[in-house]
Structure formats: C-alpha cells, structure tokens
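Engineer:
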Amino acid sequence: MRGAIIAHSQKRLQLPGEISEEAFRGIKELVCDESGIDLGSYKDGCIKRRISVRVRVSRSRTADEYLLKLKRDDKELKKLLKALTINVTEFFRNPPTFNKVRDVVIPIILAEKIKTDDHVFKAWSVGCSSGEEPYSIAILLKDLLVNEYRKFSSSIVATDVDEEMLDKGCAALYDEGQLKNVEPHLKEKYFSREDDDKYRVVKSVRRVVTFKKKNLLEDNGYENQDIIFCRNILIYFSRNLQEEILLDLARALKKGGFLVLGKAETLTAGSRKLFEAICPTERIYRKIS
Ligand SMILES: C[S@@+](CC[C@H](N)C(=O)[O-])C[C@H]1O[C@@H](n2cnc3c(N)ncnc32)[C@H](O)[C@@H]1O
C-alpha cells in the first residue's frame, strides 16, 4: 500500500501538450510499424510539437489517451503521418533560387555537356512532396532547351516517402494558389486550365518526371545526377543524420554536379569539404570531387 502511494505520488501530473516518454515511445513504434517511417531519426522537438497538435485537435486529454486512439483509428493515424511529414510546397518556391539555377547553374551544366557530348540532363528532386518542385525544374529546362539546345533532353526523378503526395504529383492537377510564383508566360505555355479553376501540367512536362517512393534515409542507388534539389527536409533531421544524407547525395551527384538546399539549410562540417559554395545565399553548392 505504502509502495503504491509512493508510486502514485511519483507519477507527475502531465501538463497540457506534454508527452510522456512512454506515450512518445508507443507512438513512434506504432508509426514505424504502420508506415515504415522511423521517427527515431527525426528531431524529437519537431516530432513532439506535431504530436501535441494532433493530441489537442483530436480532443484527446493526454498523449497516452491519444496513443490508444491511434491504435484503433486508421484515419487519425493517417492525419498524424500527414502532420509529421509536412508537405508544404509550391511551384518555384523561393523564386530567387530558381533564377540562380536558370542563369548560373544550367549554363555551366550545358557548357560541360556540350564538351562531353552528353545530351541528357539528369535532375533529382528529393522529398518532392506533391510534385511542384520537380515540375518547376522540368519547366525551367523545357523553356531553356530550345533552338541550339533542342537536342538536349531531361530526365527528372522525384522521390518522397509519402505515397499520397506522390499520387498527387502523378495527377499533376493544382489549385491556382500553388502557381502564384509561375511567370505568366510559363503558366500559359506549360499548364492547361481545367474545371474548378484547377491547372494541369502539360503532358510534355509530365513526361520527363518520374515519381518514386523512396526514403532518403535508405540507400538511394542513384548516380551521375547533374543537379539534386534537397530542400526543406534536412531541417527535420539531427545534425548527424543530415551529414549522412549529404554524403549520400554527394555520391549520387556526378563530379561537378550541383546541390540545392532549402534556405534554412546548410552543409555539415563533414560534407563541406566535398563541395564549393556557388551561391551561399541561395544554398547552391557544387561537388568538387
Ligand atoms: C516541406 S516538404 C518539401 C517539398 C519540396 N522539397 C519543397 O521544398 O518545396 C518535405 C517533404 O519531405 C518528405 N519527407 C520527409 N521525410 C522523408 C524521408 N525520410 N524520405 C523522403 N522524403 C521525406 C515529406 O513527405 C515532404 O513531402
């Protein structure tokens, strides 16, 4: 009895939004079993904040109660996965980055390709969400590879862990708000207006983008890429994992290939020696060796 009282008094009351270690472990295990996503790799703070929001929105009183809900409610599990993977994106996100890629990076890559008689432009969009990023790259290239460059073609691979987002990417149908950074002449040329004020990416652009489910924490198997966009994902991982990911991306790039990170992301100490900064403000780097 005395032991029970002590145990009881030692169990601290949970503050609103607080997640017990037990519930946190349970949620991580459930998510991993059901989706294969290992939350152990992501920053605890990021994950806990998002779980807390779902605890509140689902009207669970505590994270422990929320875990019980998750075990019997598939829809809530889906909502949690959505909240954890955060799919925010848009066409030509951070336009100055795309301008630098268009005006500085692509001409360098093209000059190399002309020298080596290589006519395929290979790009990889890592964590492509619903496809706006890889289609932006495809549009940029399509618009540049004309006249004397028309013998060049592009091949863009777009990967993400979230299947629902990949399906959206394949459908290529977007609300007008997603297109707010698309220049009018590009919108006119590369989108068709559909019912309900939606816009579909034209077939000639869709054709060059291949969507694939891929966890960036697993071996990627890609090589010889001219340019890799890995934007707004690294921030969710610990510095150690960021380093592993960056080394992996370096392996997937050809020598002299380019890496574009998100505005809030940068190289880690160990990966810095593999790259030179081409435009540090836009987080554009070039593989040295
Ligand atoms: C904020 S979005 C970034 C989309 C796009 N790169 C951009 O900057 O607009 C982050 C994407 O990373 C994906 N993601 C998160 N963890 C991942 C992982 N381990 N492997 C692959 N993709 C992941 C999410 O599903 C989400 O679609």
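Just so you know, the sequence shown maps onto residues 2 to 290 in the working numbering.
We treat Cβ as the ideally placed atom computed from N, Cα and C, and that holds for glycine.
By how many angstroms is the C-alpha of THR86 removed from the C-alpha of ARG235?
Structural biologist: As a position in the sequence shown, residue 235 is number 234, starting the count at 1. As a position in the sequence shown, residue 86 is number 85, starting the count at 1. Looking at the sequence shown, residue 235 is not Arg but Leu. If you take the alpha carbons of LEU235 and THR86, they lie about 12 angstroms apart.
Engineer: Should SER205 go down as buried or exposed, given a rule of 16 or more other Cβ atoms within 10 Å for buried?
Structural biologist: Here residue 205 corresponds to residue number 204 of the sequence shown, with the count starting at 1. With fewer than 16 other Cβ atoms within 10 Å, it is exposed.
Engineer: Relative to the C-alpha of ARG208, which residue among LYS215, ARG194, ALA172 is closest?
Structural biologist: If you number the sequence shown from 1, residue 208 lands on position 207. Measuring from the Cα of ARG208, the nearest candidate turns out to be ALA172.
Engineer: Given this structure, state the Cα-to-Cα distance separating ALA253 from ASN221, to the nearest angstrom.
Structural biologist: Residue numbering aside, residue 253 sits at position 252 when the sequence shown is read from its first letter. Residue numbering aside, residue 221 sits at position 220 when the sequence shown is read from its first letter. Spanning the two alpha carbons is a distance of roughly 8 angstroms.
Engineer: Going by DSSP, what residues sit across from THR160 in a beta bridge?
Structural biologist: As a first step, residue 160 is located in the sequence shown; it is residue number 159 there, counting from the start. According to DSSP, which records beta bridges pairwise, THR160 is partnered with VAL127, LYS213.
Engineer: Between which two residues does the beta strand (DSSP E) harbouring ILE246 extend?
Structural biologist: Position 245 of the sequence shown, counting from 1, holds the residue named residue 246. That residue, ILE246, is in no beta strand (DSSP E); its alpha helix (DSSP H) goes 240-253.
Engineer: Please name the residue, chosen from GLU19, LEU275, VAL158, that lies closest to ILE52 on a Cα-to-Cα basis.
Structural biologist: Here residue 52 is taken as the residue at index 51 of the sequence shown, counted from 1. Measuring from the Cα of ILE52, the nearest candidate turns out to be GLU19.
Engineer: Do you know offhand how far TYR43's Cα is from VAL105's?
Structural biologist: Here residue 43 corresponds to residue number 42 of the sequence shown, with the count starting at 1. Here residue 105 corresponds to residue number 104 of the sequence shown, with the count starting at 1. Whole-angstrom Cα-Cα distance: 34 angstroms.
Engineer: To the nearest angstrom, how far is it from the Cα of PRO97 to the Cα of ASP74?
Structural biologist: Along the sequence shown, one-based indexing puts residue 97 at 96. Along the sequence shown, one-based indexing puts residue 74 at 73. Approximately 43 angstroms between the Cα atoms of the pair.
Engineer: Pull the bridge partners of LYS288 from the DSSP assignment, please.
Structural biologist: By one-based count along the sequence shown, residue 288 stands at place 287. Note: LYS288 sits in a beta bridge opposite PHE276.
Engineer: Can you tell me the Cα-Cα spacing of GLY271 and LEU242, whole angstroms?
Structural biologist: Here residue 271 is taken as the residue at index 270 of the sequence shown, counted from 1. Here residue 242 is taken as the residue at index 241 of the sequence shown, counted from 1. Computed Cα separation, rounded: 11 angstroms.
Engineer: Considering just the uninterrupted stretch of the alpha helix (DSSP H) at PHE25, what are its terminal residues?
Structural biologist: Residue numbering aside, residue 25 sits at position 24 when the sequence shown is read from its first letter. 22-36 is the span of the alpha helix (DSSP H), which, as asked, contains PHE25.
Engineer: Measure the C-alpha to C-alpha separation of LEU218 and TRP125 and round it to an integer number of angstroms.
Structural biologist: On the sequence shown, position 217 is the one that residue 218 refers to. On the sequence shown, position 124 is the one that residue 125 refers to. Cα-Cα distance, rounded: 15 angstroms.
Engineer: Taking C-beta to C-beta, are LEU71 and ILE28 nearer than 9 angstroms?
Structural biologist: Locating residue 71 in the sequence shown gives position 70, counting from the first residue. Locating residue 28 in the sequence shown gives position 27, counting from the first residue. In this structure, ILE28 lies closer than 9 angstroms to LEU71 by Cβ.
Engineer: Applying the criterion that 16 or more other CB atoms from any shown protein chain within 10 Å of the CB defines a buried residue, is ALA64 buried or exposed?
Structural biologist: Along the sequence shown, read from residue 1 onward, the residue named residue 64 stands at position 63. With 16 or more Cβ atoms within 10 Å of its Cβ, ALA64 is classed as buried.
Engineer: If you measure between the beta carbons of ARG240 and LEU262, is that distance less than 9 angstroms?
Structural biologist: Counting from 1 along the sequence shown, the entry for residue 240 is found at position 239. Counting from 1 along the sequence shown, the entry for residue 262 is found at position 261. No, the pair does not count as a contact, with Cβ atoms beyond the cut-off.
Engineer: Helix, strand or coil: how does DSSP classify VAL202 here?
Structural biologist: Looking up residue 202 in the sequence shown gives position 201. Under the three-state reduction of DSSP output, VAL202 falls in the strand class.
Engineer: Is PHE230 near ligand 1, in the sense that its beta carbon is under 8 angstroms from a heavy atom of that ligand?
Structural biologist: Within the sequence shown, the letter at position 229 stands for residue 230. With a threshold of 8 angstroms, the Cβ atom of PHE230 counts as near ligand 1, since some heavy atom of the ligand is closer than that.
Engineer: On the three-pair Cβ rule with 8 angstroms, is the region 153-166 touching the region 188-195?
Structural biologist: no
Engineer: Which of the three DSSP states is assigned to THR282 in this structure?
Structural biologist: Residue numbering aside, residue 282 sits at position 281 when the sequence shown is read from its first letter. THR282 falls in the helix class under three-state DSSP.
Engineer: Using 9 angstroms as the threshold, is the C-beta distance between LYS123 and ASP34 below it?
Structural biologist: Translated into the one-based positions of the sequence shown, residue 123 becomes position 122. Translated into the one-based positions of the sequence shown, residue 34 becomes position 33. In this structure, ASP34 does not lie closer than 9 angstroms to LYS123 by Cβ.
Engineer: Under the three-state reduction of DSSP, which class applies to ILE234: helix, strand or coil?
Structural biologist: On the sequence shown, position 233 is the one that residue 234 refers to. The answer is coil: DSSP assigns ILE234 none of H, G, I, E or B.
Engineer: Does the beta-carbon distance from LYS80 to SER59 come in below 9 angstroms?
Structural biologist: Position 79 of the sequence shown, counting from 1, holds the residue named residue 80. Position 58 of the sequence shown, counting from 1, holds the residue named residue 59. Contact flag set, yes.
Engineer: Considering only DSSP beta bridges, list what PHE122 is partnered with.
Structural biologist: Here residue 122 refers to the residue found at position 121 of the sequence shown. Answer is SER155, bridged to PHE122.
Engineer: Just to check, is the beta-carbon of LYS79 closer than 8 angstroms to a non-hydrogen atom of ligand 1?
Structural biologist: Here residue 79 corresponds to residue number 78 of the sequence shown, with the count starting at 1. Every heavy atom of ligand 1 is 8 angstroms or more from the Cβ of LYS79, so no.
Engineer: Name the residue from CYS47, LEU145, TYR200 whose alpha carbon lies nearest to the alpha carbon of LEU180.
Structural biologist: In the sequence shown, counting from the first residue as 1, residue 180 sits at position 179. Among CYS47, LEU145, TYR200, the Cα nearest to that of LEU180 is on TYR200.
Engineer: So is the beta-carbon of ARG94 under 8 angstroms away from any non-hydrogen atom of ligand 1?
Structural biologist: For the purposes of this step, residue 94 is taken as the residue at position 93 of the sequence shown. At least one heavy atom of ligand 1 is nearer than 8 angstroms to the Cβ of ARG94, so yes.
Engineer: Just to confirm the assignment, what range does the alpha helix (DSSP H) spanning ASP75 have?
Structural biologist: By 1-based counting over the sequence shown, the position of residue 75 is 74. Taken as a continuous stretch (DSSP letters only), the alpha helix (DSSP H) holding ASP75 covers 75-86.
Engineer: Hey, how far is the Cα of ASN225 from the Cα of VAL54?
Structural biologist: Taking the sequence shown and counting its residues from 1, one reaches residue 225 at position 224. Taking the sequence shown and counting its residues from 1, one reaches residue 54 at position 53. Each residue's Cα considered, the two are about 41 angstroms apart.
Engineer: Rounded to whole angstroms, what is the Cα-Cα separation between VAL121 and ARG284?
Structural biologist: The residue you call residue 121 lines up with position 120 of the sequence shown. The residue you call residue 284 lines up with position 283 of the sequence shown. For VAL121 and ARG284, the distance between alpha carbons rounds to 24 angstroms.
Engineer: With DSSP run on the structure shown, which of helix, strand or coil describes LEU268?
Structural biologist: Along the sequence shown, read from residue 1 onward, the residue named residue 268 stands at position 267. DSSP places LEU268 in coil when its eight states are reduced to three.
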